[in-house]
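Before any comments, here is the structure.
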Ligand code: XBP
Ligand code: MG
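Numbering (the numbering used here), first residue to last: 1357 to 1611.
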């Protein structure tokens, strides 16, 4: 078996810009509702994103910014559950659209009989909440999310889990990520990766990030682009293409 067989997508920041106006807002609602005076600004949240996983992020916040506060893991888990309920409500209101080119590329992949999967740090319910408002979850044969593996990104575990579930070698897959942690995770599993940046990740390193080969993103783009709305190419060679489509991905994997 050779060539491109499957596309594996990160969720937050890649399928949709869910962090600043989604998860962050929902965290703050949960904190306020619990009577906590924590308020995660847009800027602070950018720093907290260094840690993947909502529960892990809250623990990191406490350790780093509120060392005076003692909080049990169970309390963090309750806060996280409340935050995810607020997040789902926000998505139900249609608050967060898919990023440019995402739906088009997923439809093209299905038409080309490519297999699809999700590899994310976020809680499974949050993935389904996003998909429910945008695309059919059944398009993805594997949805690997949250605590399904003990070590979250940048560990490669979640991508390795997807490969094992799909019974596919890394060489037949491409990953889509938006962040350095995500890129390190995918490369750690040996999967070539396309990065689409966003406001929070535009200054991340996408070259020389992992000891595994290859140690760089195959492409770094503003977004996946649309035929009538070209993407910006930040690094890599799209071979003249102005949006990401299946012929480009097939060529990239072969090159
Ligand atoms: C996303 C995350 C998540 C979300 C919040 O990483 O780090 O923690 O910010 O989701 P990725 P939860 O883009 O790699 O999926 O609160 O459900 O963890
Ligand atoms: Mg992401």
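Even for Gly, the Cβ is constructed at its ideal location relative to N, Cα and C. A quick note: this is a predicted structure, and the numbers were derived from the prediction, not measured.
For residue i, which three-state DSSP category applies?
i            : result
residue 1541 : helix
residue 1460 : helix
residue 1387 : helix
residue 1576 : strand
residue 1407 : coil
residue 1455 : coil
residue 1590 : strand
residue 1585 : strand
residue 1368 : strand
residue 1563 : strand
Work out the CA separation of residue j and residue i for me, nearest whole Å.
i            : j            : result
residue 1495 : residue 1387 : 35 Å
residue 1499 : residue 1580 : 21 Å
residue 1432 : residue 1451 : 25 Å
residue 1326 : residue 1555 : As shown, the chain starts at 1357 and ends at 1611. That puts residue 1326 outside it, with no answer to give.
residue 1393 : residue 1582 : 43 Å
residue 1595 : residue 1365 : 22 Å
residue 1465 : residue 1529 : 12 Å
residue 1577 : residue 1587 : 7 Å
residue 1504 : residue 1603 : 33 Å
Answer yes or no: do residue i and residue j have a C-beta to C-beta separation smaller than 8 Å?
i            : j            : result
residue 1533 : residue 1370 : yes
residue 1508 : residue 1412 : yes
residue 1630 : residue 1526 : Any answer about residue 1630 is impossible in this case: the structure gives the chain only from 1357 up to 1611.
residue 1378 : residue 1446 : yes
residue 1575 : residue 1591 : yes
residue 1551 : residue 1573 : yes
residue 1549 : residue 1531 : yes
For residue i, report the span of its beta strand (DSSP E) as first-last.
i            : result
residue 1500 : 1498-1501
residue 1550 : 1548-1552
residue 1533 : 1529-1533
residue 1476 : 1471-1476
residue 1363 : 1362-1365
Counting Cβ pairs, one atom from each stretch, are 3 or more of them under 8 Å apart for the stretch 1487-1501 and the stretch 1414-1426?
no
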